[in-house]
Amino acid sequence: MSADRFLVIGGSQGIGAALVELATKAGRQVAFTGRNDQFIESVAKKTGAHGIRADVSVPEDNARTVETCNDRMGGIDVLINNAAYDYRAEIGALEIGKMKDLFETNVFGLVDITNRVVPQMKSRKSGDIVNVASTSGMKGAAASTPYAATKWAVRGISQCWQAELRPHGIRVVSICPSEVQTNFGGRTGRNNPNKLYAVDIAETIMA
Numbered sequence: 061m062s063a064d065r066f067l068v069i070g071g072s073q074g075i076g077a078a079l080v081e082l083a084t085k086a087g088r089q090v091a092f093t094g095r096n097d098q099f100i101e102s103v104a105k106k107t108g109a110h111g112i113r114a115d116v117s118v119p120e121d122n123a124r125t126v127e128t129c130n131d132r133m134g135g136i137d138v139l140i141n142n143a144a145y146d147y148r149a150e151i152g153a154l155e156i157g158k159m160k161d162l163f164e165t166n167v168f169g170l171v172d173i174t175n176r177v178v179p180q181m182k183s184r185k186s187g188d189i190v191n192v193a194s195t196s197g198m199k200g201a202a203a204s205t206p207y208a209a210t211k212w213a214v215r216g217i218s219q220c221w222q223a224e225l226r227p228h229g230i231r232v233v234s235i236c237p238s239e240v241q242t243n244f245g246g247r248t249g250r251n252n253p254n255k256l257y258a259v260d261i262a263e264t265i266m267a
């Protein structure tokens, strides 16, 4: 199965950036998205991958992302759905608008971009889709209603896609990292020897 052309959604920092670097080093063609020009430019310069400024919660951005990949690489063999952010609040003080915004990125954006990529994978009868979920999608925690709900959704969606797409030669994988030492949620300096690094998750995906 050809797996030469990667699209990494949310590839300008953290796990996504580590994956972009590993994939380009492995000789793959790689495009990635991000929302911060400085981060995009830094990863593109370091890896040679093609950075696209795009917000996965915006359908027009997703259409442009897929079109760019088709123009530059001739298609997408591997789709990595990594874009996500966090919002935590306890029930009773939870802002529904913020939770809806979270779902727009973490869930609906993931579905929209995949919806646009799958037809070409079906036509080739091959492809790989990796959805980055979380251990928060396996076990609840205080104040985690919004974020955990999105990651439980991603796990369930992934299982549906596995059933749908397996007959078409398309593999769907959902991975559930625990807390990773990145700047996720604006937290820095978490030098905890018990936590994995972004490159550890990226190596798992590449394997």
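Counting in this note's numbering, the final residue of the sequence shown is number 267, and the numbers go up one at a time with none missing.
The beta-carbon is built from N, C-alpha and C at its ideal position, and this holds for glycine as well.
_Going by DSSP, what residue range makes up the alpha helix (DSSP H) through F168?_
Residue numbering aside, residue 168 sits at position 108 when the sequence shown is read from its first letter. Here F168 belongs to no alpha helix (DSSP H), and DSSP marks it neither H nor E.
*In whole angstroms, what separates the C-alpha of T210 from that of A202?*
Along the sequence shown, one-based indexing puts residue 210 at 150. Along the sequence shown, one-based indexing puts residue 202 at 142. Whole-angstrom Cα-Cα distance: 15 Å.
*Could you give the C-beta distance for C129 and L67, rounded to a whole number, given that I count them as a contact under 8 Å?*
Residue mapping note: residue 129 aligns to position 69 of the sequence shown, counting from 1. Residue mapping note: residue 67 aligns to position 7 of the sequence shown, counting from 1. Between L67 and C129 the Cβ distance is about 5 Å, and since that is below 8 Å, they are a contact.
*asked:* Please state whether the Cβ-Cβ distance between A193 and V167 is less than 7 Å.
replied: For the purposes of this step, residue 193 is identified with residue 133 of the sequence shown, where counting begins at 1. For the purposes of this step, residue 167 is identified with residue 107 of the sequence shown, where counting begins at 1. No, these two residues do not count as a Cβ contact at 7 Å.
*Buried or exposed: where does R226 fall if 16 or more other Cβ atoms within 10 Å of its Cβ makes it buried?*
Taking the sequence shown and counting its residues from 1, one reaches residue 226 at position 166. Exposed, because fewer than 16 other Cβ atoms sit within 10 Å of the Cβ of R226.
*With D121 and R65 assumed to form a contact (beta carbons below 8 Å), what rounded beta-carbon distance in angstroms separates them?*
Position 61 of the sequence shown, counted from the start, is the residue given in the question as residue 121. Position 5 of the sequence shown, counted from the start, is the residue given in the question as residue 65. Not confirmed; about 19 Å, so no contact.
*Is it a yes or a no for the region 89-99 touching the region 158-166, going by three-plus beta-carbon pairs under 8 Å?*
no
*Roughly how far, in whole angstroms, is the beta-carbon of N142 from the beta-carbon of G70, given that I think they are within contact range, below 8 Å?*
Here residue 142 refers to the residue found at position 82 when the sequence shown is read from its first residue. Here residue 70 refers to the residue found at position 10 when the sequence shown is read from its first residue. Indeed, because the Cβ distance is near 4 Å, the residues count as touching under 8 Å.
*From this set, G74, G134, V240, A83, which residue's C-alpha is nearest A109's C-alpha?*
Counting from 1 along the sequence shown, the entry for residue 109 is found at position 49. Answer by Cα proximity: A83.
_Per-residue DSSP class, three states only, for Y147_ = Mapped onto the sequence shown, residue 147 falls at position 87. It is coil, neither helix nor strand.
*From what residue to what residue does the alpha helix (DSSP H) around T195 run?*
One-based indexing of the sequence shown puts residue 195 at position 135. Here T195 belongs to no alpha helix (DSSP H), and DSSP marks it neither H nor E.
_Distance check for K182 and C220, CA to CA, integer angstroms please._
In the sequence shown, the residue the question calls residue 220 occupies position 160. In the sequence shown, the residue the question calls residue 182 occupies position 122. The straight-line gap from Cα to Cα measures roughly 16 Å.
*Below 7 Å between beta carbons: does that hold for I268 and V116?*
Since the first residue of the chain shown is 61 and the last is 267, residue 268 is not available in this structure.
_E263 to I156 span [Cα, whole Å]_ = For this step, residue 263 is matched to residue 203 along the sequence shown. For this step, residue 156 is matched to residue 96 along the sequence shown. Each residue's Cα considered, the two are about 36 Å apart.
_Residue from A223, V233, I230, D260 with nearest C-alpha to V240_ = Position 180 of the sequence shown, counting from 1, holds the residue named residue 240. Ranking A223, V233, I230, D260 by Cα distance to V240 puts D260 first.
_Range covered by the beta strand (DSSP E) that runs through Q89_ = Mapped onto the sequence shown, residue 89 falls at position 29. Run containing Q89: 89-94, per the beta strand (DSSP E) assignment.
*Whole-angstrom Cβ separation of C236 and M198, contact assumed at under 8 Å?*
Translated into positions along the sequence shown, residue 236 becomes position 176. Translated into positions along the sequence shown, residue 198 becomes position 138. The Cβ separation is near 6 Å, so the contact holds.
*Express the C-alpha separation of A153 and V177 in angstroms, rounding to a whole number.*
Numbered from its first residue, the sequence shown carries residue 177 at position 117. Numbered from its first residue, the sequence shown carries residue 153 at position 93. Those two C-alpha atoms are separated by around 38 Å.
*Bridge partners of H110, per DSSP?*
What you label residue 110 is simply residue 50 of the sequence shown in a count that begins at 1. A91.
*asked:* Please report the straight-line C-alpha distance between I112 and I100, rounded to a whole angstrom.
replied: For the purposes of this step, residue 112 is identified with residue 52 of the sequence shown, where counting begins at 1. For the purposes of this step, residue 100 is identified with residue 40 of the sequence shown, where counting begins at 1. The straight-line gap from Cα to Cα measures roughly 7 Å.
*Helix or strand or just coil, what does DSSP make of S186?*
Start at 1 with the first residue of the sequence shown, and residue 186 comes out as number 126. Three-state result, S186: coil.
*So is T125 buried or exposed if we call it buried at 16+ other beta carbons inside 10 Å?*
The residue you call residue 125 lines up with position 65 of the sequence shown. Counting Cβ neighbours within 10 Å, T125 comes out buried, since at least 16 surround it.
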